[in-house]
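Trainee: Following this note's numbering, the numbering of the sequence shown begins with 43 at its first residue and continues without gaps. Ideal Cβ positions, reconstructed from N, Cα and C, are used throughout, including at glycine. Below you'll find the structure I mean.
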Amino acid sequence: MTDKTLTIAYRSLQLDELAETDRQLIDAAISATETSYAPYSHFCVGAAVRLESGVVVVGSNQENVAFPSGTCAERCAMFYAGSRHPHEAPETIAIAARGTDGRLTPRPISPCGACRQVLLQAETRFGRRLRVLLYGSQEVIEISGVSDLLPFEFVDF
Ligand code: THU
Numbered sequence: 043m044t045d046k047t048l049t050i051a052y053r054s055l056q057l058d059e060l061a062e063t064d065r066q067l068i069d070a071a072i073s074a075t076e077t078s079y080a081p082y083s084h085f086c087v088g089a090a091v092r093l094e095s096g097v098v099v100v101g102s103n104q105e106n107v108a109f110p111s112g113t114c115a116e117r118c119a120m121f122y123a124g125s126r127h128p129h130e131a132p133e134t135i136a137i138a139a140r141g142t143d144g145r146l147t148p149r150p151i152s153p154c155g156a157c158r159q160v161l162l163q164a165e166t167r168f169g170r171r172l173r174v175l176l177y178g179s180q181e182v183i184e185i186s187g188v189s190d191l192l193p194f195e196f197v198d199f
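If you want it as structure tokens, here you go:
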């Protein structure tokens, strides 16, 4: 028997420590929260994906009365990117959210399991890491690749 431990590296930053392009991507994610359709949770999430060409694609959570038919902001943005720019690798995704009080969350929110799976597949598909920026008004978290967020991922044999 061997006990093993996994550790992940991530960075905690303030907004002004980020490069201008990353701040713009976060701004795009924040703006995208305004397009959220969240009549059930009242939790509005925005995601912005920068592709390798520099093109930015955004998405927001879109809920549905049949709850599982709705989708998260991250998958909305990723599937839109895949539909419009199928040959371009996503390079960075920024995620922001407004709580039920309408304010940007002080702490970053983190993608759900289903979104992690979808984000991870982009890494596999394009053979490059997809950087993740999680925005909170008090702290931004940077993770250098999605595989750090989903260890022991399912692989197709
Ligand atoms: N949601 C997202 O869009 N992204 C996340 O990372 C977490 C949750 C959405 C799903 C649902 O519409 C609402 O937020 C509340 O869970």
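Starting from the N-terminal side, write out each stretch of the alpha helix (DSSP H) that is 4 residues or longer and does not extend beyond the segment 95 to 181.
Mentor: As far as the segment 95 to 181 is concerned, its whole alpha helix (DSSP H) runs of at least 4 residues are 115 to 126 and 155 to 168.
Trainee: Using CA atoms only, rank isn't needed, just tell me which of E133, Q104, E59 and I135 is closest to T77.
Mentor: Taking the sequence shown and counting its residues from 1, one reaches residue 77 at position 35. T77 has its Cα closest to that of Q104, out of E133, Q104, E59 and I135.
Trainee: Under the three-state reduction of DSSP, which class applies to V188: helix, strand or coil?
Mentor: If you number the sequence shown from 1, residue 188 lands on position 146. Of the three classes helix, strand and coil, the one that applies to V188 here is helix, per DSSP.
Trainee: Once DSSP output is grouped into helix, strand and coil, what is the label at S83?
Mentor: Indexing the sequence shown from 1 puts residue 83 at position 41. DSSP places S83 in coil when its eight states are reduced to three.
Trainee: Return yes when the C-beta of G96 is under 7 Å from any heavy atom of ligand 1, and no when it is not.
Mentor: Taking the first residue of the sequence shown as position 1, residue 96 is located at position 54. No, since every heavy atom of ligand 1 falls outside the 7 Å radius drawn around the Cβ of G96.
Trainee: Measure how close the beta-carbons of A61 and A90 come, nearest whole angstrom, since I'm counting them as under 8 Å.
Mentor: Start at 1 with the first residue of the sequence shown, and residue 61 comes out as number 19. Start at 1 with the first residue of the sequence shown, and residue 90 comes out as number 48. That pair is no contact at about 15 Å.
Trainee: What does a CB cutoff of less than 7 Å around D143 pick up in its chain, not counting 5 residues either side in sequence?
Mentor: Counted from its first residue, the sequence shown places residue 143 at position 101. Hits under 7 Å: none found.
Trainee: Please indicate yes or no: does the CB of P81 lie closer than 7 Å to some heavy atom of ligand 1?
Mentor: Counting from one through the sequence shown, the residue named residue 81 turns up at place 39. Checking every heavy atom of ligand 1 against the Cβ of P81, none is found closer than 7 Å.
Trainee: Any idea if G101 is buried or exposed, counting beta-carbon neighbours within 10 angstroms, 16 or more meaning buried?
Mentor: Looking up residue 101 in the sequence shown gives position 59. Looking at its Cβ environment, which holds 16 or more other Cβ atoms inside 10 Å, G101 is buried.
Trainee: Considering only the alpha carbon of each residue, which of V99, A123, V197 and L176 lies closest to Q159?
Mentor: Position 117 of the sequence shown holds residue 159. Of the listed residues, the one whose Cα sits closest to Q159 is V197.
Trainee: If E184 sits next to L55, beta carbons under 8 Å apart, how far is it from one beta carbon to the other, in whole angstroms?
Mentor: The residue labelled residue 184 in the question sits at position 142 within the sequence shown. The residue labelled residue 55 in the question sits at position 13 within the sequence shown. At roughly 6 Å, the Cβ-Cβ gap stays under 8 Å, so E184 and L55 are in contact.
Trainee: Does the Cβ-Cβ distance between P132 and A138 come in under 8 Å?
Mentor: Taking the first residue of the sequence shown as 1, we reach residue 132 at position 90. Taking the first residue of the sequence shown as 1, we reach residue 138 at position 96. No.
Trainee: Tell me, which residues are paired with V91 by DSSP?
Mentor: As a first step, residue 91 must be located in the sequence shown, where it is residue number 49. DSSP lists V99 and I135 as partners of V91.
Trainee: Within its chain, find whatever has a CB closer than 6 Å to the CB of M120; leave out the 5 residues flanking it on each side and keep chain order.
Mentor: For the purposes of this step, residue 120 is identified with residue 78 of the sequence shown, where counting begins at 1. Excluding sequence neighbours, M120 sits near V160.
Trainee: With distances taken Cα to Cα, identify the nearest neighbour of F194 among G155, F168, G96 and R92.
Mentor: Mapped onto the sequence shown, residue 194 falls at position 152. Per the Cα distances, G155.
Trainee: What are the residues that DSSP puts in a beta bridge with I183?
Mentor: Sequence index remark: in the sequence shown, residue 183 carries index 141 (1-based). In the DSSP output, where bridge partners are listed per residue, I183 has S54 and L176.
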